[in-house]
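Everything below concerns the one structure shown next.
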Amino acid sequence: MSIQRQAVINMAALLGSVELNWGDRSNNIKWYPYRTSKASLSAEESVSSLLSVIGGQTEKDHGSFLNFTGEILPW
């Protein structure tokens, strides 16, 4: 399985979890967006950028910590 597919599956599993959002543990963890109207990027810009970055990754990029433009962030 490719890195891109694994990243999408991991995010979809967390963000799509009904139990994490509404189950017994929902008081501890909230995965819904908070104050998106004040975000520096719109949802469309963010998703477009993330898909571009994820789509450009190869096996050599495994474990990289990147921002939404693909620049390496210090860890």
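Quick note: the sequence shown uses the working numbering, first residue -17, plus one each step.
Glycine included, every Cβ here is placed at the ideal spot set by N, Cα and C.
Since this is a predicted model, take the numbers as computed values, not measurements.
- In the DSSP assignment, Ser34 falls within the alpha helix (DSSP H) that extends over 25 to 37.
- Distance between Asn49 and Glu41, taken at the CA atoms: about 18 Å.
- For Ser46, same chain residues with a beta-carbon under 8 Å away, outside a window of 5 residues either side, are Gln39, Ile54 in chain order.
- Taking all protein chains shown into account, Leu32 has 16 or more neighbouring C-beta atoms within 10 Å of its C-beta and is therefore buried.
- Scanning its chain for C-beta atoms nearer than 7 Å, with the 5 sequence neighbours on each side dropped, one finds no residue around Ser34.
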